[in-house]
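> Mind the numbering: the sequence shown is residues 863 to 1426 in the numbering used here, read in order.
Glycine residues also receive a C-beta, built at the ideal position from the N, C-alpha and C atoms.
The structure follows.
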Amino acid sequence: MSSMGDFKNLEETSSSSGQLTRPMLILTLFSAIGGFLFGYDTGVVSGAMLLVRHDFNLSTAWHEIIVSGTIAAAWVAALAAGPATDRFGRRRMIVLASVLFVTAAVVMGAAPEKITLLCGRIIAGLAIGFASMCVPLYLSEMAETTLRGRLTVTNIIFVTGGQFAASLVCGAFSNVPHGWRCVHGCLDWVPAAVQFVGFFFMPESPRWLVAQKRNEEAKDVLLRFRPPATDISAELRDIVHTISKEMDEEEGVSLGRILATSAVRRALTLGCLLQMFQQLAGINTVMYYSASIITMAGIGDPTTAIWISAGVASCNFVFTFVGLALVERIGRRPLLLWSLAGMVLCLLELGVSFNLAYVNSPTIDATGNSTDACTQYTSCSTCTTSSDCGFCFSALDPSYLNASCLAADHDQFNEVSISEACSNTNLPEDVTFAYDWCPYEYGWLSILGLACYLLCFAPGMGPMPWTINSELYPGWARARCVGITSSVNWAFNLLVSLTFLTLTEAITKHGTFYLYACVAAVGLLVFYWSLPETRGMTLENIHVLFNRPLFSSQPYRTNRDSES
């Protein structure tokens, strides 16, 4: 364990002014375009896939394959991005991501069939993986200490802005024939092209330049992006000293060295836990399946569900600004802990709302023959849980006395039944075949729960795992560790997105949200005991916090508390 003196005056080691210069603002905006594209290409999934399935006759399996293919590609790219950014530089990897975003937009927009669309989504996934790792790392290394948190959160604002824009675009094109082509292809390439051109005028990170023994170039970058008359000698000296010491100790960066260095191993463990719990608390269930969840809550019209989903997504975008305002005022730790606590309560509310829907679901007389499984269900909830059945009812029968559970016609996108009252492709206006939802007068409770969940997630658990991970590691291990933790995020993202629909069938919709609430509660306890405060500390000094055990007898509070 380090001496108490190691912690003293860490917050005063930076001479940064906190002034955002015009060059730094421009660099932040061009960098954050990568965050916007990250958000747009992940947010577009919820609504666009409802539009795509009619053109390509997508089965549920193909729907999941296209969604999961993007995530799997992002996982691989994030893992590869660590060593790639160390070798080629942060700037070049962001330029590569821009090229991939443009390529993906062209392929998806022109896709003649589902396999080409899948290829486009995989290319987009590679771009997302590179952007999710490289942009926060680049911003954290370019920023002054007192601006670092706010600039990294700015990138997350662009991510949530991209998700919100995607939901609005999906709503706007929901009634346009082949509108998904514009959603995927016509709008996606423009910001990517802007970033590609802009980054030819952006510099490389000064820390990467020093690692390449290009100290004069690093000095020029600091002079260009710090306020006028700022003495950058202390900052440059600190960077050179830290990186030189690291390079003298051992050439190269390997996973073995990372794991053998106790402070870095502890920081990496915490970083992986941050990314893991962000996903296991269900955020991308909400982002990828928000329109489906709203449909499950009783909103049967796809266009209406997409627009409500856009309104819900706006909560994520708007309240990320709260994180921007507070990250350097109250710190990373309080934002994350309060965020998780709110998410636990909202997930419980979602569980209760779907539980009420289950209990109050319209009942059905199971009068069918024994060979038809669908006619054996006794309620709408149990009927629509099965992927083979749908609930057939009439608006003229408010008590659902003549409603029935019928086998869905999968060749007609599950919009009609194979036989009986809902089998006509041109159903009467008063007759509805509800394939994956039930009429429910309290659906607004679920929509409220989704909105409040994103309201709590946006300021804390959304940006903080990325912000904190860009800070935790010494320079020699930073890119590799951020790449590892980003890949952990995408791995658990893939796990959650692949299992959500399966979980709703296996343990019911309300059981699924109760499970997410329990996981979020575990995360709250883990971070209460393990997460230190990094606000106000230079990147070169944060590693001192991990000279103590990760889970100690007293919970971390702030780095000042560590002195006592």
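(1) By how many angstroms is the C-alpha of residue 1250 removed from the C-alpha of residue 1073?
(2) I'd like to know whether the C-beta atoms of residue 1248 and residue 1239 end up nearer to each other than 9 angstroms.
(3) What do you get for residue 1006, buried or exposed, if any count of 16 or more other CB atoms within 10 angstroms of its CB means buried?
(4) What distance in whole Å lies between the Cβ atoms of residue 1202 and residue 1354, which are believed to be in contact at a cut-off of 8 angstroms?
(5) Is the CB-CB distance between residue 1363 and residue 1132 below 9 angstroms?
(6) Since residue 1254 contacts residue 1295 with CB under 8 angstroms, what's their CB separation in whole angstroms?
(7) Going by the CB atoms, is the gap between residue 1141 and residue 1358 shorter than 9 angstroms?
(8) Can you give me the C-alpha to C-alpha distance between residue 881 and residue 1089, rounded to a whole angstrom?
(9) Just to confirm, is the Cβ distance from residue 1215 to residue 1167 under 9 angstroms?
(10) Assuming residue 1224 and residue 1241 are in contact, meaning their beta carbons sit under 8 angstroms apart, how far apart are those beta carbons, in whole angstroms?
(11) Report yes if the C-beta distance between residue 1348 and residue 1300 is below 9 angstroms; otherwise report no.
(12) Beta-carbon within less than 7 angstroms of residue 1084's beta-carbon, same chain only, minus the 5 sequence neighbours each way: which residues are those?
(13) By the DSSP assignment, the alpha helix (DSSP H) with residue 1343 in it spans what residues?
(14) Can you look up residue 1409 in the DSSP assignment and give me helix, strand or coil?
(15) Should residue 1367 be labelled buried (16 or more other beta-carbon atoms within 10 Å of its own) or exposed?
(16) According to DSSP, is residue 882 part of a helix, a strand, or is it coil?
(17) Whose C-beta lies closer than 7 angstroms to the C-beta of residue 1057 among residues of the same chain, with five residues either side of it excluded?
(18) Let me confirm a value: residue 1332 is counted as buried when at least 16 other C-beta atoms fall within 10 Å, else exposed. Which label applies?
(19) Quickly, what does DSSP pair residue 1293 with across the bridge? List them, please.
(20) Would you check if the region 987-996 and the region 952-966 touch, i.e. whether three or more CB-CB distances between them fall below 8 angstroms?
(21) Considering only residues of the same chain and omitting the five flanking positions on each side of residue 1125, which have a CB-CB separation below 6 angstroms?
(22) When the Cβ atoms of the region 1312-1323 are set against those of the region 1169-1180, are three or more pairs found closer than 8 angstroms?
(23) Within this structure, are the beta carbons of residue 1246 and residue 1292 separated by less than 9 angstroms?
(24) Just mark residue 1091 as buried or exposed, buried being the case when its beta carbon has 16 or more other beta carbons within 10 Å.
(25) What residue range does the alpha helix (DSSP H) around residue 1171 cover?
(26) Is the separation between the beta-carbon of residue 1375 and that of residue 1392 shorter than 9 angstroms?
(27) Work out the CA separation of residue 940 and residue 1340 for me, nearest whole Å.
(28) Using three-state DSSP, classify residue 1225 as helix, strand or coil.
(29) In three-state DSSP terms, what is residue 1300?
(30) Give the straight-line distance between the Cα atoms of residue 1343 and residue 1398, rounded to the nearest whole angstrom.
(31) Using CA atoms only, rank isn't needed, just tell me which of 1026, 885 and 1383 is closest to residue 1144.
(32) Under 8 angstroms Cβ to Cβ from residue 1104, same chain only, skipping five residues before and after it: list those, please.
(33) Going by the CB atoms, is the gap between residue 1028 and residue 1154 shorter than 9 angstroms?
(34) For residue 1186 and residue 1004, which I take to be in contact (beta-carbon distance under 8 angstroms), what is that distance rounded to the nearest angstrom?
(35) Below 8 angstroms on the Cβ atoms is my contact criterion, and I expect residue 1030 with residue 1174 to pass it. Report the Cβ-Cβ distance as a whole number of Å.
(36) Can you name, in chain order, every residue of its own chain whose Cβ lies under 7 angstroms from the Cβ of residue 1360, other than the five neighbours on each side?
Straight from the coordinates:
(1) Here residue 1073 refers to the residue found at position 211 when the sequence shown is read from its first residue. Here residue 1250 refers to the residue found at position 388 when the sequence shown is read from its first residue. Their backbone Cα atoms lie some 59 angstroms apart in a straight line.
(2) Mapped onto the sequence shown, residue 1248 falls at position 386. Mapped onto the sequence shown, residue 1239 falls at position 377. Contact flag set, yes.
(3) Within the sequence shown, residue 1006 is the residue found at index 144, counting from 1. Per the 10 Å Cβ criterion, buried.
(4) Indexing the sequence shown from 1 puts residue 1354 at position 492. Indexing the sequence shown from 1 puts residue 1202 at position 340. In fact, because the Cβ distance is near 16 angstroms, the residues do not count as touching under 8 angstroms.
(5) Numbered from its first residue, the sequence shown carries residue 1363 at position 501. Numbered from its first residue, the sequence shown carries residue 1132 at position 270. Not closer than 9 angstroms, so no.
(6) Mapped onto the sequence shown, residue 1254 falls at position 392. Mapped onto the sequence shown, residue 1295 falls at position 433. Between residue 1295 and residue 1254 the Cβ distance is about 5 angstroms, and since that is below 8 angstroms, they are a contact.
(7) On the sequence shown, position 496 is the one that residue 1358 refers to. On the sequence shown, position 279 is the one that residue 1141 refers to. Yes, Cβ-Cβ distance for residue 1358 and residue 1141 is below 9 angstroms.
(8) By 1-based counting over the sequence shown, the position of residue 881 is 19. By 1-based counting over the sequence shown, the position of residue 1089 is 227. Going from the Cα of residue 881 to the Cα of residue 1089 covers about 7 angstroms.
(9) Against the sequence shown, residue 1215 aligns to sequence position 353. Against the sequence shown, residue 1167 aligns to sequence position 305. Not closer than 9 angstroms, so no.
(10) By one-based count along the sequence shown, residue 1224 stands at place 362. By one-based count along the sequence shown, residue 1241 stands at place 379. 7 angstroms between Cβ atoms; contact.
(11) Here residue 1348 corresponds to residue number 486 of the sequence shown, with the count starting at 1. Here residue 1300 corresponds to residue number 438 of the sequence shown, with the count starting at 1. It is not a contact, given that the beta carbons lie outside the stated cut-off.
(12) As a working mapping, residue 1084 is identified with position 222 in the sequence shown. So the list reads 1068, 1094, 1097 and 1098, once near-sequence residues are dropped.
(13) For this step, residue 1343 is matched to residue 481 along the sequence shown. Note, residue 1343: alpha helix (DSSP H), 1337-1369.
(14) For this step, residue 1409 is matched to residue 547 along the sequence shown. Of the three classes helix, strand and coil, the one that applies to residue 1409 here is helix, per DSSP.
(15) Here the question's residue 1367 lines up with position 505 in the sequence shown. Burial call: exposed.
(16) The sequence position of residue 882 within the sequence shown is 20, counting from 1. Coil at residue 882, not helix or strand.
(17) What you label residue 1057 is simply residue 195 of the sequence shown in a count that begins at 1. Around residue 1057: 892, 895, 896 and 960.
(18) The sequence position of residue 1332 within the sequence shown is 470, counting from 1. When all chains shown are included, residue 1332 counts as buried.
(19) Here residue 1293 refers to the residue found at position 431 of the sequence shown. Beta-bridge pairing links residue 1293 to 1256.
(20) yes
(21) For the purposes of this step, residue 1125 is taken as the residue at position 263 of the sequence shown. Closer than 6 angstroms at the Cβ level, and outside the excluded window around residue 1125, lie 1405, 1408 and 1409.
(22) yes
(23) The residue labelled residue 1246 in the question sits at position 384 within the sequence shown. The residue labelled residue 1292 in the question sits at position 430 within the sequence shown. Contact: no.
(24) The sequence position of residue 1091 within the sequence shown is 229, counting from 1. Residue 1091 should be labelled exposed.
(25) To locate residue 1171, count along the sequence shown from 1; it is residue 309. First-last of the alpha helix (DSSP H) with residue 1171: 1164-1188.
(26) Within the sequence shown, the letter at position 513 stands for residue 1375. Within the sequence shown, the letter at position 530 stands for residue 1392. Going by C-beta atoms, residue 1375 is not nearer than 9 angstroms to residue 1392.
(27) The residue labelled residue 1340 in the question sits at position 478 within the sequence shown. The residue labelled residue 940 in the question sits at position 78 within the sequence shown. Cα-Cα distance, rounded: 13 angstroms.
(28) Reading the sequence shown from its first residue, position 363 is the one you call residue 1225. In this structure, residue 1225 counts as strand in the three-state DSSP scheme.
(29) The count along the sequence shown starts at 1 and reaches residue 1300 at position 438. Coil at residue 1300, not helix or strand.
(30) Locating residue 1343 in the sequence shown gives position 481, counting from the first residue. Locating residue 1398 in the sequence shown gives position 536, counting from the first residue. Those two C-alpha atoms are separated by around 21 angstroms.
(31) In the sequence shown, counting from the first residue as 1, residue 1144 sits at position 282. Selected option, being the one with the closest Cα: 1383.
(32) Locating residue 1104 in the sequence shown gives position 242, counting from the first residue. Hits under 8 angstroms: 1336, 1337 and 1402.
(33) As a first step, residue 1154 is located in the sequence shown; it is residue number 292 there, counting from the start. As a first step, residue 1028 is located in the sequence shown; it is residue number 166 there, counting from the start. Contact: no.
(34) Start at 1 with the first residue of the sequence shown, and residue 1186 comes out as number 324. Start at 1 with the first residue of the sequence shown, and residue 1004 comes out as number 142. That pair is no contact at about 17 angstroms.
(35) As a working mapping, residue 1030 is identified with position 168 in the sequence shown. As a working mapping, residue 1174 is identified with position 312 in the sequence shown. About 12 angstroms separates the two Cβ atoms, so there is no contact after all.
(36) Position 498 of the sequence shown, counting from 1, holds the residue named residue 1360. These residues qualify, in order along the chain: 926 and 930.
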